[in-house]
Amino acid sequence: MLEAIRTKRAVRQFTDEPIPRDVLEKILRAGLRAQSSKNTQPWHLIVVEDRQVLLQLSKLGDFLGYLAGASACVVLAAPDDSPWTYFDLGQCASYLQLSALELGVGSCLGAIYQPAEAKKLLGVPADMSLQALVSLGYPSADHQVARLGGRKPISEAVHWQRW
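Residue numbers for the sequence shown follow our numbering, so the first one is 48 and each next one is one higher.
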């Protein structure tokens, strides 16, 4: 697990190969195992594989253009009735991404900047929050991996006992 966390990178270039249903379901089951505040499990996951819908979604965030080339994405929705909702969805997204990595599937977390349009496109009820998605696909051969390790050292980011 530590190796997966250390080496996981955002993948934004994908092959055209579809992700088999059983692989997608393994990824989804892992996401549904995420912890949530008071075990509320507030998430609803919308799996999108249709190329036209992926293209339309790719236009609903300033940095989502890569989504048009993904094999699938998982849109995360939840009631916006708790201050913990985004934490819970973040946990779910992390589990989705780590399980995808284990199965050889690349992923990237993306922000939906136009949630009202995304809700309309996907038929999501008005009382649901819809802010993020996880793209999924097999990394293309020309995928450029960002420099490994580009993180702050522990001495800059961690405070022991007090600030």
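Here a beta-carbon is modelled for each residue, glycine too, at the ideal position from N, C-alpha and C.
What are the residues that DSSP puts in a beta bridge with S105? Looking at the DSSP assignment, S105 forms no beta bridge with any residue, so it has no partner.
Of all the options M175, D69, K85 and I159, which has the alpha carbon lying nearest to the alpha carbon of A124? In terms of CA proximity to A124, M175 leads the group M175, D69, K85 and I159.
Across which residues does DSSP place G180 in a beta bridge pair? One detail in the question is off: residue 180 reads as Leu in this sequence, not Gly. For L180, which the question treats as bridged, DSSP gives the partners V122 and G157.
Report all residues from its chain with a CB closer than 6 Å to the CB of L107; omit the five preceding and five following residues, and keep chain order. Closer than 6 Å at Cβ, skipping near neighbours: I159, Q161, E164 and A165.
Using the DSSP secondary-structure output, state which residues sit across from L92 in a beta bridge. L123, per the DSSP bridge assignment.
State the CB to CB distance for the pair I66 and S118, rounded to an integer number of angstroms; the pair is presumed to be in contact (CB under 8 Å). Separation of the CB atoms of I66 and S118 is rounded to 5 Å, and the pair is thereby assigned contact status at 8 Å.
Using CA atoms only, rank isn't needed, just tell me which of S129, V205 and V121 is closest to C139. Checking every option, the nearest Cα to that of C139 belongs to V121.
Assign F134 to one of three DSSP states: helix, strand, or coil. In the structure shown, F134 falls within a helical segment according to DSSP collapsed to helix, strand and coil.
In the DSSP assignment, the alpha helix (DSSP H) including I52 goes from what residue to what residue? For I52, the enclosing alpha helix (DSSP H) begins and ends at L49 to T54.
Can you have a look at Q82 and say buried or exposed, based on whether 16 or more other CB atoms are within 10 angstroms of its CB? Flag for Q82 reads exposed.
Taking only three categories from DSSP, how would you classify P217? For the chain, the structure presents residues 48 to 210; residue 217 sits outside this window and is missing.
Can you check whether the CB of L111 is closer than 7 Å to the CB of L101? No.
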